[in-house]
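Structure record follows, encoded as structure tokens.
Residue numbers (this note's numbering): 59 to 170.
Structure, rendered in structure tokens:
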């Protein structure tokens, strides 16, 4: 952040996007949420199009972890491309449930 002439404040935003989408470097948005090491968990991986920042990751993660049975969500963010998402659960989660959760967050499931 820099103080500009006439008292305006300029914020440098890395990676494009607006200030609300700036990547928060104080947290690791790609870190697994509730990561479990139980070998009995089912793992499903898929792509999500359109995420650009940690806030996007948080929205998708929140919607996916709200699905009954989901124990962990891990996101490999690809700014503006197709990000890799892995869901770990005690039982298989339907593709329709995953797609609905991703769409509720404002994004869409895509091929990787």
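Note that the Cβ used here is the ideal one computed from N, Cα and C, for glycine as well. These numbers come from a predicted model, not from an experiment.
Annotation: residue 153 is outside any beta strand (DSSP E); the continuous alpha helix (DSSP H) that includes it extends over 153–162. Residue environment analysis places residue 100 among the exposed positions, since fewer than 16 neighbouring C-beta atoms fall within 10 angstroms of its C-beta.
In the assembly as shown, residue 166 is an exposed residue. Its beta-carbon has fewer than 16 other beta-carbons within 10 Å. For residue 156, same chain residues with a beta-carbon under 8 Å away, outside a window of 5 residues either side, are 102, 104, 122, 125, 145, 167 in chain order. Cβ contact annotation for residue 108 (same chain, cutoff 6 Å, sequence separation greater than five): 165, in chain order. By the Cβ-count criterion, residue 152 is exposed, with fewer than 16 other Cβ atoms from all chains shown falling within 10 Å of its own Cβ. Looking at the backbone, the Cα of residue 148 and that of residue 159 are separated by about 18 Å. DSSP, read as helix, strand or coil, puts residue 115 in helix.
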